[in-house]
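Using the numbering used here, you'd call the opening residue of the sequence shown number 2 and step up by one each time.
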Amino acid sequence: MAYNLESLVQTLEQILHPDGHHPLWVLDPNKRPQIESLLEKARFLKVVSEESSSAVTVYGRQSLESRIRDAAYDAEDILESHLVDQILSCSEGESFIFSPPDLEKVVGELDFAKEEIMTIMDNSSQIADSSSPAVSSRQDPNPKNIIVEVAEDLIQLIGQPPKALQVIPIVGMGGIGKTTLARNLYDDPSVTSHFDTRAWATISQDYNKRKLQHVLLSLLGCVIGKSNIDEMRSKTDDELSLFLHQALKGRRYLIVLDDMWGVKPWDNTRRFFPDENNGSRIVVTTRESSVADYTGSGRSHYQMNLLKDDESWNLLRQKVFAPDETCSLNWKRLEKKLQKIAEVYLFHFM
């Protein structure tokens with residue numbers, strides 16, 4: 002499974018950044034946001050699937066791996082097939098504009114896989130916590146600790162006054178780790194114990210009428226249980242929204258609306274969430290500052306930035322060297338060169 006995801010990530014990166022001073026193709030600007038969104042989802046799935054292997058049941062893991070493997074394979078096959086067709090249709094050395102098809106289907110497949118892995122992790126975490134004996138982990142610095150430090154103010158904001166319903170936007174460039182941060186907040190023990198119920202839905206760029214039903218069903222699946230969702234699929238959007246509103250009433254809830262590209266999804270969904278002055282919270286992740294400003298509850302949004310040079314280097318050393326291993330002189334000499342060659346994303350090391 003990891004191979005399929007790694008292969009898809011490499012393909013997407015190659016499409017976004019073709020090799021050479023005179024690349025064979027130029028990506029259609031209208032398709033770039035979709036490709037970047039696919040890349041962000043593929044990276045997230047790769048990271049979470051690798052880290053969740055010990056936290057899921059055997060059945061859940063098999064189901065999860067199969068779903069993600071198929072989604073990654075289908076996505077890469079569609080993109081590579083179309084790219085090869087365009088290359089063969091051009092004269093030798095002739096460049097072209099690459100405009101991949103069927104992206105809505107691909108995004109949908111990865112969205113479903115993304116939500117499935119979250120559901121399996123949620124369902125299995127309590128079992129793992131109660132049935133597994135305490136095991137000492139290998140003693141190396143954990144980048145998750147850095148996430149907690151970086152987002153400490155955000156965690157406090159989620160769990161502290163005011164009591165009125167608050168919308169907390171997380172905004173940042175594609176691939177910087179908004180979803181990973183939101184997921185860590187969502188699963189933080191202090192957060193899970195504070196709220197009566199939590200729910201997660203992925204919005205994505207291809208939002209439409211059909212996607213609204215998917216969002217509603219995703220949220221309801223978290224609130225009332227996935228096993229009860231099949232009987233809800235025949236209901237209208239209005240019926241589903243009313244059912245969700247009633248299911249949330251009287252409960253302190255945390256909702257995550259992930260990957261919101263525009264304001265229309267918020268206009269369509271905000272009425273689902275009752276405000277009973279009980280400390281409920283909604284987290285919205287977006288790459289658009291305008292969306293963050295529109296959805297936020299009268300406060301500046303949470304802006305994700307790249308690590309500073311010293312933070313990037315410290316994190317890289319944590320991942321490369323064992324806790325008791327000394328960083329060699331050659332590596333120290335490379336530090337400044339590495340910092341200038343590339344900006345290291347914190348959440349891609351998760």
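All C-beta atoms, glycine included, are put in the ideal place defined by N, C-alpha and C.
Distance CB(residue i)-CB(residue j) smaller than 7 Å
i: Val216; j: Ala293; result: no
i: Pro101; j: Leu80; result: yes
i: Leu186; j: Ala76; result: no
i: Arg252; j: Thr296; result: no
i: Asp259; j: Thr193; result: no
i: Val284; j: Ala183; result: yes
i: Pro275; j: Leu249; result: yes
i: Ser92; j: Leu25; result: no
i: Glu116; j: Ser219; result: yes
i: Ala114; j: Arg70; result: no
i: Leu104; j: Gln214; result: no
i: Met305; j: Ile169; result: no
Buried/exposed call for residue i, threshold 16 Cβ in 10 Å
i: Ala165; result: exposed
i: Ala135; result: With a pLDDT of only 40 at Ala135, under 50, the local geometry of the prediction cannot be trusted, and the value read off the model is given with reservation. Ala135 comes out exposed.
i: Thr287; result: buried
i: Ile98; result: exposed
i: His18; result: exposed
i: Asp111; result: For the sequence presented, residue 111 should be read as Leu rather than Asp. Result: buried.
i: Leu89; result: exposed
i: His302; result: buried
i: Pro30; result: exposed
i: Asp1; result: With the chain covering 2 to 351 only, the question about residue 1 has no answer from this structure.
i: Lys212; result: buried
i: Thr12; result: buried
i: Val107; result: buried
i: Ser131; result: Its pLDDT being 46, under 50, Ser131 is placed unreliably in this model, and the value from its coordinates should be taken loosely. With fewer than 16 Cβ atoms within 10 Å of its Cβ, Ser131 is classed as exposed.
i: Asp20; result: exposed
i: Gly226; result: exposed
i: Ser242; result: buried
i: Val224; result: buried
i: Val85; result: exposed
i: Lys210; result: exposed
i: Arg33; result: exposed
Contacting residues, own chain, Cβ-Cβ under 6 Å from residue i (five flanking each side not counted)
i: Gln167; result: Arg282 and Ser298
i: Gly109; result: none
i: Tyr208; result: Pro266
i: Ser290; result: Val172
i: Gly175; result: Glu37, Glu41 and Arg288
i: Trp262; result: Gln206
Other residues of its chain near residue i: CB distance less than 8 Å, five sequence neighbours each side excluded
i: Lys47; result: Ala3, Leu6, Glu7 and Val10
i: Glu14; result: Leu40
i: Gln87; result: Trp26, Phe97 and Phe99
Contact set for residue i: own chain, Cβ-Cβ below 7 Å, skip 5 residues either direction
i: His83; result: Pro101 and Pro102
i: Tyr354; result: Coverage of the chain is limited to positions 2 through 351, which leaves residue 354 absent and any answer about it impossible.
i: Asn279; result: Lys164 and Arg253
i: Ala72; result: Glu110, Leu111 and Ala114
beta-carbon residue i near the ligand MN non-hydrogen atom, thresh 6 Å
i: His302; result: Ligands displayed in this structure: none; no statement on the ligand MN is therefore possible.
* To do: Take every Cβ of the region 201-215, pair it with every Cβ of the region 254-274, and state whether three or more of those distances are shorter than 8 Å.
  => yes
* Mind listing, in chain order, the continuous alpha helix (DSSP H) runs of no fewer than 4 residues lying wholly within the region 170-203? => 179-188 and 190-195
* **Entirely enclosed beta strand (DSSP E) segments - the region 219-269, minimum 3 residues** => 254-259
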